[in-house]
Amino acid sequence: KKFKNRVGQGYVGGRFKSNWMVSIGSINLANGAEPGANALLRAKADTAQFELGDVIWISNNLPYAKRLEFEGWSKQAPAGMARLTMQDADQILKRAVQRAKLG
28 KKFKNRVGQG YVGGRFKSNW MVSIGSINLA NGAEPGANAL LRAKADTAQF
78 ELGDVIWISN NLPYAKRLEF EGWSKQAPAG MARLTMQDAD QILKRAVQRA
128 KLG
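Residue numbers (the working numbering): 28 to 130.
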């Protein structure tokens, strides 16, 4: 099953999109990624040493992140982003486990 894209049509990522940080064991408090930085590629590199039982942190530490997520500041994603993705987390994880078993 393909997950519905919950981002608004015509979305062009900028500084906020680039500042998603993923880390293992403790939260990454950085917020200096430039627009266009590849957050997904950085996340893959930062979690390459992940082991079962580790805690993975996903954060966006820009000062307006809370307003975008909870206060409808984004015209492109007025209902937030992270909490919508977390609603699908169970299915996303199940697919990842299946791929790992097949790989």
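Virtual Cβ for every residue (Gly too), placed ideally from N, Cα, C. Since the model is a prediction, treat every value here as computed from it, not as a measurement.
Same chain, Cβ closer than 8 Å to residue i, five either side skipped, listed in chain order
{"i": "Asp-81", "result": "Ile-51, Gly-52"}
Span of the alpha helix (DSSP H), counted from its first residue to its last, around residue i
{"i": "Ile-119", "result": "116-129"}
{"i": "Ala-72", "result": "66-73"}
Test item: CB-CB of residue i and residue j under 9 Å
{"i": "Val-124", "j": "Ile-85", "result": "no"}
{"i": "Ala-70", "j": "Lys-44", "result": "no"}
{"i": "Leu-89", "j": "Asn-58", "result": "yes"}
{"i": "Ala-75", "j": "Asn-46", "result": "no"}
Residue environment, residue i, which counts as buried when at least 16 other CB atoms sit within 10 Å
{"i": "Ala-60", "result": "buried"}
Cβ-based neighbour list, residue i, same chain, cut-off 6 Å, excluding 5 preceding and 5 following
{"i": "Gly-107", "result": "Glu-96"}
{"i": "Arg-94", "result": "Trp-100"}
{"i": "Arg-110", "result": "none"}
Three-state class that DSSP yields for residue i in the structure shown
{"i": "Met-108", "result": "coil"}
{"i": "Glu-96", "result": "helix"}
{"i": "Leu-56", "result": "coil"}
{"i": "Phe-77", "result": "coil"}
{"i": "Lys-28", "result": "Note that Lys-28 has pLDDT 47, beneath the 50 cutoff, so the model's placement of it is unreliable and the number below is only indicative. Of the three classes helix, strand and coil, the one that applies to Lys-28 here is coil, per DSSP."}
{"i": "Lys-44", "result": "helix"}
Start-to-end residues for the beta strand (DSSP E) that takes in residue i
{"i": "Ser-86", "result": "83-87"}
{"i": "Ser-50", "result": "47-51"}
Proximal residues to residue i (C-beta, below 7 Å), its chain only, five neighbours per side dropped
{"i": "Asp-73", "result": "Val-49, Ser-50"}
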